[in-house]
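Have a look at the structure below, then the notes.
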Amino acid sequence: MQLSELLQSVQRWFQDLPRTLRGLPTLAYFIGIPVPIFLVTVAVTLATSGGDNNSPELAVNPPTATLSIENIDVAPTASPTPAPAATSTPEPAVEAPPNREDCDAIQGTDYQSPEEREWYLANCLGGQVANSNTGAGTPPNNGTTGGGGGYASGVEYAIGARLVIPAAGIDATVTGMDVGANGAMPDPVGYFNAVLYNFPFQAGLGGSNKVLAGHVDCGRCYNGGSGTAVFWSVRDLPVGATAQFYNPDGTVQNFVVINSYSVSGNTDFSSIVASGAADMTIITCTGTFAGGHYDNRHVVAFQLTG
């Protein structure tokens, strides 16, 4: 029965109640009146309690249901699947070229490593000059022994000296090199050592002025790669910077920078390297690099302090 029908029945009952009660004793009033009120209350309660078959049903997941997101089980009891370990293909190691232990193979070429340079200086020079034509060794005439002949321009030979310039980070072996009769100072062969020039055919040059040269950088000096060379930093030396020259006899000479300047590569260096022009002179490259050469030279002059 619908609520509206029930209410209409109760209303009709109340309308007929006076006629019904006329012939009843007074006690029936107290019994008859609460009954319809009770029936109305029950009817209203049943109508609003959802007991009707037309009320919607709420879907409730059972307590054991699991939650899934894109088919990935995330229930409390689910075991996570470990991610596959990342694999990478190692890059092939670049092997440095082996040091050549062959004096003829190294002579006149770029050192492939500092170790190769050290091996060459220790095993291929030995205080002698290798003749550029025959390869035969002859005693060097470095201007101090008084020996005759044996000059080989452009060939480095060991003299047992060392140059240290703290402000430029230099601690380098010093080798000897003779300047030929044409007066051209050959380029140093090594990139990590300084060269002390000997002028056997030019009177008045060198002498009391230690003239040294060295490369500023190199294209294939670090296992075939480029890098800085022995005199890279001398161009930045300020006036007053100190240097130490360790002679073959074990004595040490101390120097201080008195001048630093650049000149053209075509400059006549006679006055710069002349005996007495300075107590020690360092020459290296600077300027613009083109055609395998720098166009200018940088000169640092030193004075002996003790």
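Note that numbering that gives the first Met the number 0 has the sequence shown beginning at 0, numbered continuously upward. Every residue gets a Cβ at the ideal spot worked out from N, C-alpha and C, and that includes glycine. None of these values were measured; they are calculated from a predicted model.
Hey, out of T227, S259, C220, whose CA is closest to P237's CA?
-> Looking at T227, S259, C220, the one whose alpha-carbon comes closest to that of P237 is S259.
C-alpha gap between S152 and Y245, whole angstroms | 24 Å
Cα separation between E56 and Q7?
-> With a pLDDT of 35 at E56, under the threshold of 50, the modelled position of this residue cannot be trusted; read the value that follows with caution. Each residue's alpha carbon lies about 30 Å from the other.
What did DSSP end up calling D235 once you bin it into helix, strand or coil?
-> Residue state, collapsed to three classes: helix.
Does DSSP put E117 in a helix, in a strand, or in coil?
-> helix
According to the Cβ coordinates, are V173 and A193 closer than 8 Å?
-> yes
Bounding residues of the beta strand (DSSP E) (the contiguous stretch that carries V299) | 292-303
R11 by DSSP, collapsed to three states: which one?
-> helix
Taking the CB atoms as reference points, tell me whether H214 and F230 lie closer together than 8 Å.
-> yes
For A242 and F167, the rounded distance between their alpha carbons = The displayed chain sequence assigns Ala, not Phe, to residue 167. Rounded to whole angstroms, A167 to A242 spans 9 Å at the Cα level.
According to the Cβ coordinates, are V298 and T287 closer than 8 Å?
-> no
Is it the case that the Cβ atoms of P378 and A212 are separated by a distance below 8 Å?
-> Examination of residue 378 is not possible in this model, given that the chain is present from 0 through 305 alone.
Which same chain residues, not among the five before or five after G226, have their C-beta less than 8 Å away from its C-beta?
-> D216, C217, C220
Residue environment, Q111, which counts as buried when at least 16 other CB atoms sit within 10 Å | buried
With a threshold of 16 other CB atoms inside 10 Å of the CB of G205, please say whether the residue is buried or exposed.
-> buried
Where the alpha helix (DSSP H) through V272 begins and ends | 269-272
F254, enclosing beta strand (DSSP E) - first and last residue = 251-263
Give me whichever residues DSSP pairs with G226 in a beta bridge.
-> C217
Go through its chain and collect everything with a Cβ distance to A228's Cβ below 8 Å, but skip five positions before and after it.
-> Y190, F191, G213, H214, V215, D216, C217, C220
Measure the alpha-carbon distance for G316 versus A202 and round it to whole angstroms.
-> The requested residue 316 is not part of the displayed model; the chain covers only 0 to 305.
N197 by DSSP, collapsed to three states: which one?
-> strand
Report yes if the CB atom of D267 is closer than 8 Å to the CB atom of S207, and no otherwise.
-> no
Is A312 helix, strand or coil when you go by DSSP?
-> This structure cannot settle anything about residue 312, because the visible part of the chain is limited to 0 through 305.
Would you tell me roughly how many angstroms separate the C-alpha atoms of G264 and T285, rounded to the nearest one?
-> 9 Å
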